[in-house]
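**Q**
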DNA sequence: TTCCATGCAAACACTTTGCACCGTG
DNA sequence: CACGGTGCAAAGTGTTTGCATGGAA
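Chains as they are written, first to last, in our numbering: chain R, 40 to 191; chain B, 40 to 191.
#1: Please list, in chain order, the chain B residues whose beta carbon lies closer than 9 Å to that of residue 126 of chain R.
#2: Comparing C-alpha positions only, which one of R/112, R/157 and R/93 sits nearest to residue 171 of chain B?
#3: Which of the three DSSP states, helix, strand or coil, is assigned to residue 107 of chain R?
#4: Over the uninterrupted beta strand (DSSP E) stretch that includes residue 129 of chain B, give me the two end residues.
#5: Run down chain B in chain order and give the residues with a C-beta less than 8 Å from the C-beta of residue 50 of chain R.
#6: Measuring straight from C-alpha to C-alpha, what distance separates residue 71 of chain R and residue 160 of chain B?
#7: Going by Cα to Cα distance, which pick from B/124, B/114, B/40 and B/151 is closest to residue 61 of chain B?
#8: Across the segment 44 to 55 of chain B and the segment 97 to 109 of chain B, are there enough close Cβ pairs to call them in contact, namely three or more that are closer than 8 Å?
#9: Among the candidates B/165, B/134 and B/59, whose CA atom is the shortest distance from the CA of residue 105 of chain B?
#10: On the three-state DSSP scale, how would you describe residue 91 of chain B?
#11: The segment 148 to 173 of chain B: which residues have C-beta closer than 9 Å to a C-beta of chain R, in chain order?
#12: Quick check on the DSSP output: the beta strand (DSSP E) that includes residue 148 of chain B runs from which residue to which?
#13: Provide the residue(s) that pair with residue 43 of chain B in DSSP beta bridges, ordered along the chain.
#14: Across which residues does DSSP place residue 141 of chain B in a beta bridge pair?
#15: Could you tell me whether any Cβ in chain B is nearer than 8 Å to the Cβ of residue 142 of chain R?
#16: Would you call the segment 86 to 95 of chain B and the segment 110 to 125 of chain B in contact, with 3 or more CB pairs under 8 Å?
#17: Taking all protein chains shown into account, decide if residue 57 of chain R is buried (16 or more other Cβ within 10 angstroms of its Cβ) or exposed.
#18: Near residue 169 of chain B, which residues of its chain fall below 8 Å by C-beta distance, leaving aside the five closest residues on each side in sequence?
#19: Can you round the beta-carbon distance between residue 24 of chain B and residue 167 of chain R to whole angstroms, since I take them to be within the 8 Å contact cut?
#20: Could you tell me which residues DSSP pairs with residue 159 of chain R in its beta bridges?
#21: At a Cβ threshold of 8 Å, is residue 129 of chain B touching chain R?
#22: For residue 155 of chain B, count neighbouring Cβ atoms within 10 angstroms of its own Cβ and tell me buried if that reaches 16, exposed if not.
#23: For residue 148 of chain B, tell me which candidate among R/79, R/162, R/81 and R/92 has the shortest Cα-Cα distance.
Printed below as a string of structure tokens:
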């Protein structure tokens, strides 16, 4: 993996650094993580890295195509490795849970947008808000209110 | 319309104020507007209103069901009146344009999510990023880079 | 006359930037 | 040893909050 990373970076004239390796590892390990969570994880596995480095590195890793991001809540971009199978997200406003769905489920929808509007949807970036159950947030204490506002 | 607003507010034990009227008018007039744009518009049609009042009022208007919001760019909630026909949005990363699409186009997609995951999608809140053309941003100078990052 | 709403300013959370030093290639 | 990367601290955005005053019902 390190060599894959090194190669991708080199192709863009960029360098492999321990921080970039650590941050990529963190993203791969965490699944869907915010910059803050990435930082927290890196700090457990190793010495400190600066928050601004995390931001800059996540951008670089996305540029070279190794990670992607989606907006699972109003103020929280989350990053995940592209090696995961292609998926998009459903976010429940009641219980706060996030469901990953294979992009093939949205293929028909994407085809329709293509026909009607000549629009090529970026499915892996898609996040659909809604409700998966009637339970209230207290059932999932870890997931505070994602994107409220919408006349829930 | 003022009476509709007054009624909705009263039902929640809230009051009709000139600011609330002005802000609702602005949202209806602008179509899709950010809090800043709403403020700017209110200021052209009338005396000043405070930004924090705009935020608080947009929240209230959404709570009573008169407006809704969607995320057309990374850090930019835009509000629109619910009286518009139900629609969701396509945002092109190349030209920056926003396309409104009737929610019935996504009905099949929503049905699939319901079957597979028991998930009820909030279609009017949906925003799909992608590309509608090969043109670069310079073609639409008014629309700066919506949600970049995603390995464009 | 009672609360709700507003304005103002400060506080906030998140992200970006400038700059000097460090380290990869 | 050149140039890209990092850390640190400061500056930005966009949004929220506390509090005293103002106004709708």
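Every residue, glycine too, gets a C-beta built ideally from N, C-alpha and C.
If you're wondering where the values come from, they're calculated on a predicted model, not measured in any experiment.
**A** So, from the data block:
#1: On the first chain, residue 126 of chain R is found 87 positions in, with the first residue counted as 1. The premise fails here: residue 126 of chain R is roughly 12 Å from chain B at the closest Cβ pair, so nothing lies under 9 Å.
#2: Position 132 of the second chain holds residue 171 of chain B. Checking every option, the nearest Cα to that of residue 171 of chain B belongs to R/157.
#3: On the first chain, position 68 is the one that residue 107 of chain R refers to. Strand.
#4: Your numbering for residue 129 of chain B matches position 90 in the second chain. Element bounds for residue 129 of chain B: 126 to 131.
#5: Sequence index remark: in the first chain, residue 50 of chain R carries index 11 (1-based). Near residue 50 of chain R there are no residues of chain B at all, since even the closest Cβ is about 14 Å away, more than 8 Å.
#6: The count along the first chain starts at 1 and reaches residue 71 of chain R at position 32. The count along the second chain starts at 1 and reaches residue 160 of chain B at position 121. Spanning the two alpha carbons is a distance of roughly 21 Å.
#7: Numbered from 1 along the second chain, position 22 holds the residue referred to as residue 61 of chain B. Taking only the C-alpha atoms, the option nearest residue 61 of chain B is B/40.
#8: yes
#9: Start at 1 with the first residue of the second chain, and residue 105 of chain B comes out as number 66. Closest by C-alpha distance to residue 105 of chain B, out of B/165, B/134 and B/59, is B/59.
#10: Here residue 91 of chain B corresponds to residue number 52 of the second chain, with the count starting at 1. In the structure shown, residue 91 of chain B sits in a helix (DSSP, three-state: H, G or I).
#11: 148, 149, 151, 152, 155, 156, 157, 158, 159, 160, 161, 162, 163, 164, 165, 166, 167, 168, 169, 170, 171 and 172
#12: Here residue 148 of chain B refers to the residue found at position 109 of the second chain. Premise fails: residue 148 of chain B lies in the alpha helix (DSSP H), 146 to 156, not in any beta strand (DSSP E).
#13: As a position in the second chain, residue 43 of chain B is number 4, starting the count at 1. Answer is none; residue 43 of chain B lacks a bridge partner.
#14: Here residue 141 of chain B refers to the residue found at position 102 when the second chain is read from its first residue. Residue pairing by DSSP places residue 141 of chain B opposite B/126 in a beta bridge.
#15: As a working mapping, residue 142 of chain R is identified with position 103 in the first chain. Among the CB atoms of chain B, none fall inside 8 Å of the CB of residue 142 of chain R.
#16: In short, these stretches do not touch, since the Cβ pair count stays below three.
#17: Locating residue 57 of chain R in the first chain gives position 18, where the first residue counts as 1. Exposed: under 16 other Cβ atoms inside 10 Å.
#18: Position 130 of the second chain holds residue 169 of chain B. Answer for residue 169 of chain B: 129, 130, 131 and 132, listed in chain order.
#19: No answer is possible for residue 24 of chain B: it lies beyond the span of chain B, which begins at 40 and ends at 191.
#20: Position 120 of the first chain, counted from the first residue, corresponds to residue 159 of chain R. DSSP lists B/170 as the beta-bridge partner residues of residue 159 of chain R.
#21: Counting from 1 along the second chain, the entry for residue 129 of chain B is found at position 90. Cβ-Cβ to chain R under 8 Å: yes for residue 129 of chain B.
#22: Locating residue 155 of chain B in the second chain gives position 116, counting from the first residue. Burial call: exposed.
#23: Residue mapping note: residue 148 of chain B aligns to position 109 of the second chain, counting from 1. Of the candidates R/79, R/162, R/81 and R/92, the one whose C-alpha sits nearest the C-alpha of residue 148 of chain B is R/162.
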